[in-house]
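Counting along the sequence shown from 1, when you hit position 82 you're at 82 in our numbering, and nothing is skipped either side. Where a beta carbon is used, it is the ideal one built from N, C-alpha and C, also for glycine. What follows is one structure encoded as C-alpha cells, with my remarks underneath.
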Amino acid sequence: MLDKPVLTIALSKGRILEQTLPLLEFAGLMPVEDVQTTRKLMVDGPDDWAGSKIRFLIIRAADVCTYVEKGAADLGISGRDLLLESKPHVYEPLDLKIGKCRLCVCGPKASVEAGDSAVKSGRIRVATKYDHLTAQHYLKQGIHADVIHLYGSMELAPLVGLADRIVDVVETGNTLKANGLVEETTLFDISSRLIANPASFVTKKKQVQAVITRLREAVEQREKNK
Ligand code: PRP
1 MLDKPVLTIA LSKGRILEQT LPLLEFAGLM PVEDVQTTRK LMVDGPDDWA GSKIRFLIIR
61 AADVCTYVEK GAADLGISGR DLLLESKPHV YEPLDLKIGK CRLCVCGPKA SVEAGDSAVK
121 SGRIRVATKY DHLTAQHYLK QGIHADVIHL YGSMELAPLV GLADRIVDVV ETGNTLKANG
181 LVEETTLFDI SSRLIANPAS FVTKKKQVQA VITRLREAVE QREKNK
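Here you go:
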C-alpha cells in the first residue's frame, strides 16, 4: 500500500502561536506535543487528516515565508507585515484574523507632538526590521530614509540617538508608552495569514483546500463567539 502523503504546515514561534492553537484545534489539526514548550522543531500532527499525515514545523516568524516559498512546507502562518516586506511567491488564501496589530512610524513624544518631521536636509534616520517598507514609505514623500536595520527592541534607538524614528509593529502600545514614544503614522493594519506554496496548491489540492476550508470555519466560529 502506498504511504499517505505528508502535508507540512509551518507555524510561527512566539505570540502568534498561542492564538493559532485554538484554530488548529477546531480544525482537528492539533500537534501531538505541546509546541509551546517542546524543543523539537518538527512535530507530528494527526496521522490521517483528509487522507494525509500532518506534520508541523515550529520556526521563527521571519522564516515561515522562506519555508513555504521554497516548498519545504506546503502551508504556513505568517504575519502580513512579513509578507509585505519580503513579497514571497506564495498564495495567501485566508486572513486568520489573529496577531492583529499595525505597522507604524513612531518617534519621541515631544518631537511627534510638535509636528517635527525629524527630516534634516531631505534625510531621516529610521530604525526598523522592515527595510523595504520603510524606504518605500519615505521615498513616496521624496525623503531619503537612512534605514538602520535592527532585529528587535526598536524602541531603544531614538532614546540613545541612534535614529530619529522607528518603523515597527504596535499592538497594545505599551512598549511605546514605556519608552516615551508615540505613533506618528500608521502604514498598514496587520494580521496573520494562512499562506500556501503554489505547487502544493496544485499537487496537494484536496488536502490544501481542506485545511483552508476548516480553518476558515474556525475563524468564522471564533468571530461569532467574540
Ligand atoms: C514587538 C514589537 C514591539 C512590541 C509592540 O516586539 O517589535 O516592540 O512587540 O507590542 P505592544 O504595542 O503590545 O507593546 P516583541 O515583543 O515581539 O519583541 P522584539 O522587540 O524583540 O521584536
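Query - Nearest neighbour of Leu84, chosen from Asp189, Lys224 and Ala145 [CA to CA] - result: To locate residue 84, count along the sequence shown from 1; it is residue 84. Ranking the options by Cα distance to Leu84, first place goes to Asp189.
Requested in this report: Indicate whether Ala118 and Asp168 have their beta-carbon atoms separated by less than 7 Å.
Outcome: Indexing the sequence shown from 1 puts residue 118 at position 118. Indexing the sequence shown from 1 puts residue 168 at position 168. No, they are not a contact pair.
Report task. Note down the Cα distance separating Leu176 from Asp44, rounded to an integer number of angstroms. Result -> Translated into positions along the sequence shown, residue 176 becomes position 176. Translated into positions along the sequence shown, residue 44 becomes position 44. Straight-line Cα distance between these residues: approximately 39 Å.
Query raised in the report: Out of curiosity, what's the CA-to-CA distance linking His149 and Gln136?
Result: To locate residue 149, count along the sequence shown from 1; it is residue 149. To locate residue 136, count along the sequence shown from 1; it is residue 136. Taking the straight line joining both Cα atoms gives about 15 Å.
Requested in this report: Check whether the Cβ of Asp168 lies closer than 6 Å to any heavy atom of ligand 1, and answer yes or no.
Outcome: Start at 1 with the first residue of the sequence shown, and residue 168 comes out as number 168. Yes.
Query raised in the report: Mind checking whether the beta-carbon of Glu229 lies closer than 6 Å to any heavy atom of ligand 1?
Result: This structure cannot settle anything about residue 229, because the visible part of the chain is limited to 1 through 226.
Query raised in the report: In its own chain, which residues sit with a C-beta less than 8 Å from the C-beta of Ala61, not counting the 5 before and 5 after it?
Result: In the sequence shown, counting from the first residue as 1, residue 61 sits at position 61. Closer than 8 Å at the Cβ level, and outside the excluded window around Ala61, lie Ser12, Lys13, Gly14, Ile16, Ser78, Gly79 and Leu82.
**Report entry** Gly71 and Asn197 closer than 7 Å at C-beta
**Finding:** Here the question's residue 71 lines up with position 71 in the sequence shown. Here the question's residue 197 lines up with position 197 in the sequence shown. Yes, the Cβ-Cβ distance between Gly71 and Asn197 is below 7 Å.
Query raised in the report: Is any heavy atom of ligand 1 found at a distance shorter than 6 Å from the C-beta of Glu171?
Result: Within the sequence shown, numbered from 1, the residue matching residue 171 stands at position 171. Under cutoff, so the answer is yes.
Query raised in the report: Would you say the region 46–59 touches the region 31–38, given that touching needs at least three Cβ pairs under 8 Å?
Result: yes
Query raised in the report: Rounded to a whole number of angstroms, what is the C-alpha to C-alpha distance between Glu113 and Gly107?
Result: Locating residue 113 in the sequence shown gives position 113, counting from the first residue. Locating residue 107 in the sequence shown gives position 107, counting from the first residue. Taking the straight line from one Cα to the other gives about 9 Å.
Report task. Just the C-alpha distance for Lys205 and Leu7, rounded to the nearest angstrom, thanks. Result -> In the sequence shown, residue 205 corresponds to position 205, counting from 1. In the sequence shown, residue 7 corresponds to position 7, counting from 1. Roughly 11 Å between the two C-alpha positions.
Query raised in the report: In this structure, what does DSSP give as the bridge partners for His149?
Result: Here residue 149 refers to the residue found at position 149 of the sequence shown. Note: His149 sits in a beta bridge opposite Thr128.
Query raised in the report: Taking 6 Å as the cut-off, does the CB of Asn174 come closer than this to any heavy atom belonging to ligand 1?
Result: Within the sequence shown, the letter at position 174 stands for residue 174. True, at least one ligand heavy atom lies under 6 Å from that Cβ.
Requested in this report: Taking only heavy atoms of ligand 1 into account, decide whether any of them is closer than 6 Å to the Cβ of Ser153.
Outcome: What you label residue 153 is simply residue 153 of the sequence shown in a count that begins at 1. Yes; taking the cut-off as 6 Å, the Cβ of Ser153 has a heavy atom of ligand 1 nearer than that.
Requested in this report: Just mark Glu184 as buried or exposed, buried being the case when its beta carbon has 16 or more other beta carbons within 10 Å.
Outcome: Mapped onto the sequence shown, residue 184 falls at position 184. Under this definition Glu184 is a buried residue.
Query - DSSP-derived helix/strand/coil call for Thr37 - result: For this step, residue 37 is matched to residue 37 along the sequence shown. Looking at Thr37 - three-state DSSP - the assignment turns out to be coil, as it is neither helix nor strand.
Requested in this report: Might you give, ordered along the chain, the residues of its own chain that have their beta carbon closer than 6 Å to the beta carbon of Gly76, omitting 5 neighbours on each side?
Outcome: Position 76 of the sequence shown, counted from the start, is the residue given in the question as residue 76. Taken in chain order, the residues that qualify are Ala10, Val64, Val68 and Ile195.
Requested in this report: Please state whether DSSP places Glu155 in a helix, a strand or coil.
Outcome: Residue numbering aside, residue 155 sits at position 155 when the sequence shown is read from its first letter. In this structure, Glu155 counts as coil in the three-state DSSP scheme.
Report task. Please state whether DSSP places Ser200 in a helix, a strand or coil. Result -> The residue given as residue 200 occupies position 200 in the sequence shown. DSSP places Ser200 in helix when its eight states are reduced to three.
Query raised in the report: If you count every other CB in all the chains shown that lies within 10 Å of the CB of Leu24, and 16 or more means buried, which is it?
Result: Here residue 24 corresponds to residue number 24 of the sequence shown, with the count starting at 1. By the neighbour-count rule (16 or more Cβ atoms within 10 Å), Leu24 is buried.
Query raised in the report: If you draw a straight line from the alpha carbon of Lys226 to that of Asp146, how long is it in whole angstroms?
Result: Reading the sequence shown from its first residue, position 226 is the one you call residue 226. Reading the sequence shown from its first residue, position 146 is the one you call residue 146. So the two alpha carbons sit approximately 42 Å from each other.
Query raised in the report: With distances taken between CB atoms, is the gap from Glu155 to Leu181 smaller than 7 Å?
Result: Sequence index remark: in the sequence shown, residue 155 carries index 155 (1-based). Sequence index remark: in the sequence shown, residue 181 carries index 181 (1-based). A contact, by the Cβ cut-off of 7 Å.
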